[in-house]
Every structure is written in structure tokens, then in C-alpha cells.
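Quick notes on the structure that follows.
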Amino acid sequence: MLYLFARISQFIGRQFYALCFFFRKKQAQKYDRAHRVNTEIQADDDFPEYVPVDTILFAKCMNSLDLHIQNEVFADFGCGKGKAVLLAAQYGFPKIIGLEYNSDLFNILSQNIRAIKHSSNIELICCDIKDYVFNDEITVIFLNDPFPYYRFCKFMLQVKESYIRKKRRIYLIYINAKQDIVKCIIRSDIFKEYGYITENTMLCPRCFGAHVFCTDTDIDICEVPNMGISIRT
7 MLYLFARISQ
17 FIGRQFYALC
27 FFFRKKQAQK
37 YDRAHRVNTE
47 IQADDDFPEY
57 VPVDTILFAK
67 CMNSLDLHIQ
77 NEVFADFGCG
87 KGKAVLLAAQ
97 YGFPKIIGLE
107 YNSDLFNILS
117 QNIRAIKHSS
127 NIELICCDIK
137 DYVFNDEITV
147 IFLNDPFPYY
157 RFCKFMLQVK
167 ESYIRKKRRI
177 YLIYINAKQD
187 IVKCIIRSDI
197 FKEYGYITEN
207 TMLCPRCFGA
217 HVFCTDTDID
227 ICEVPNMGIS
237 IRT
């Protein structure tokens, strides 16, 4: 009886998650149509590891940060087709950096950025993260699970070296981070975790989430549902 109950619960859980993903995908498609861009996973795409950030989750992450927007530099490493870059532009960051290694994804990214009105403040870079010279002006690092663990650890060394060169408050937002990634960030000795942000949708409150870290121990972070940001969906 317990075995049967466990199997039924597992089946219901899978179906529930699939339903949440369906509604999430519909929302993403609506965003693409409204802005005439291509950020969603397409049927003919050959990018098995690409998953765009959810608009609601991105907005909640930004709302939870204590930002002085005119002084912030946003960087998305492994930005894919550029969904987070586009959302950051809508949010009003004066300087945005998007780095993508895959040349095919980078071409789509470039087309998407050209589709928006104000793109002069967006710098797109096509290179491997190991060849990137970390910009010491970056204050918001956005990561949607872009690298394998060994490469991410090397990336964190670059971040730490940048922080040592120029002490500043840096936020690091990591979407759906695994425990080994979280531990790697904590071991860097410059970041502390300040919160876990979820979509908190009525259907699936814990399906998708983001760990948020900060170098400034005096800044407190909390989950703010819908303040200070206006992002069209």
C-alpha cells in the first residue's frame, strides 16, 4: 500500500511540474511575441542546455536587491539568447554586459538586442569565460546555471580577484543552483547568502528559484513580490 501511494504521489508530482512548465512556457512565448524577439526554446533548436530565465523570477530577484540603479553594472555570463539581458535593459541598468560562448546562440542574441530601442548601453561578448578579463565595474552578476562545476570554480576566482582589485558591493544571482555551486560561492570567502527567491506562483511555489549572494554583510535581502520594477510580460 505504501509503495502504491509513493508511486501515485510521484506520478502526480511529475504531472504537476509538467503543468507548471507548460504555463511558464506560454508566458515566455507571450513575452517573445510582445517584444518581437526569440528567447524561448524553439522546436528546431539544437541547444539542449539552454533554458531562458523566467520573467517573474527575474523581476522578483531585482526587486529584492538594494540597488542604486544609476551606478550599477549588470552582467549575464552564459546569457544564451539574451532573455536576462533584455529584462535588465527594461529595468534600467545604465551598463549591461552579456557574454555567450556558443556562436549560434550569440547570433540570435545579437538579433534580439538589435530588436529593442535602447541598446547602446549593452555590450555583447562572444568568448569562452576563461578568456574573459573580468570588468571591475560589474556590481550585479547573473548566472542561469551556465557552466559545469570545474569551470564555475575558475570563474569564481576571477570574481574574487576583481573584488580584491576593487572592493565594492557585488550581488550574485544564481538560478537553480546545485549545492556544490552554492558551496563553491561560499568558499570564495567574499560572498554570503542572503536569500532564496522563488517564483511563488499559486501552482508551484518551489519549482523555480534563485540563490542570491552579496559581498556586503550590512545589506539585508528579503523577498519583495512586486515593487520598484515594471517589466512587460
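Residue numbers (this note's numbering): 7 to 239.
Even for Gly, the Cβ is constructed at its ideal location relative to N, Cα and C.
Given the structure is predicted, the values throughout are model-derived calculations rather than measurements.
Cβ-Cβ distance between residue i and residue j below 8 Å
i    : j    : result
D134 : K172 : no
F153 : G84  : yes
T145 : L93  : no
G88  : G104 : yes
I176 : I147 : yes
I5   : A95  : Because residue 5 is not part of the residues shown, which for the chain are 7 to 239, the question remains open.
I187 : F219 : no
L130 : I119 : yes
Y156 : H217 : no
Under the three-state DSSP convention, the category residue i falls into
i    : result
D222 : coil
T204 : strand
L209 : Any reading at L209 needs caution, since the residue's pLDDT is 48, under 50, leaving its predicted position unreliable; the model's value is listed next. Looking at L209 - three-state DSSP - the assignment turns out to be coil, as it is neither helix nor strand.
L73  : coil
T61  : helix
N118 : helix
D151 : coil
Y56  : coil
Y37  : helix
A49  : Residue confidence for A49 is low, a pLDDT of 48 falling below 50, so the modelled location carries little weight; the figure read from the coordinates is stated next. If DSSP states are grouped into helix, strand and coil, A49 belongs with coil.
R42  : coil
S168 : helix
N182 : coil
Y138 : coil
C85  : coil
K160 : helix
Identity of the residues DSSP links to residue i by a beta bridge
i    : result
I131 : L105
G215 : T204
I192 : Partner(s): none; I192 has no beta bridge.
D79  : Just to set this straight, residue 79 is Val in the shown sequence, not Asp. V79 pairs with K101.
V146 : F80 and Y177
K198 : C220
Separation of residue j from residue i, as counted between CA atoms
i    : j    : result
A49  : Q117 : The pLDDT assigned to A49 is 48, lower than 50, so where the model puts this residue is not dependable; a value taken from the coordinates is nonetheless given after this. Rounded to the nearest angstrom, the two C-alpha atoms are 19 Å apart.
R193 : K166 : 11 Å
S109 : D137 : 15 Å
L63  : S126 : 26 Å
P100 : L73  : 12 Å
Q164 : G201 : 23 Å
V59  : D195 : 27 Å
N77  : M162 : 23 Å
Q35  : L178 : 27 Å
H41  : C132 : 23 Å
I114 : K189 : 33 Å
N69  : I170 : 27 Å
S168 : D38  : 35 Å
Residue i versus the options, residue with shortest Cα-Cα distance
i    : options                   : result
K184 : R174, K198, Y177 and F158 : F158
V43  : Y180, I179 and G86        : G86
A65  : D222, T221 and G215       : G215
I75  : Y56, I102 and P58         : I102
R174 : V79, D38, L149 and V57    : V79
L111 : E46, F197 and T221        : E46
N150 : L73, L130, C67 and R39    : C67
K198 : I181, D222, N182 and C132 : D222
Y107 : S125, D82 and P100        : D82
N182 : L71, V57 and K160         : V57
Closer than 7 Å: residue i CB and nearest the ligand NAD heavy atom
i   : result
D72 : By its list of ligands, the structure shown contains no ligand whatsoever, and the ligand NAD lies outside what it can speak to.
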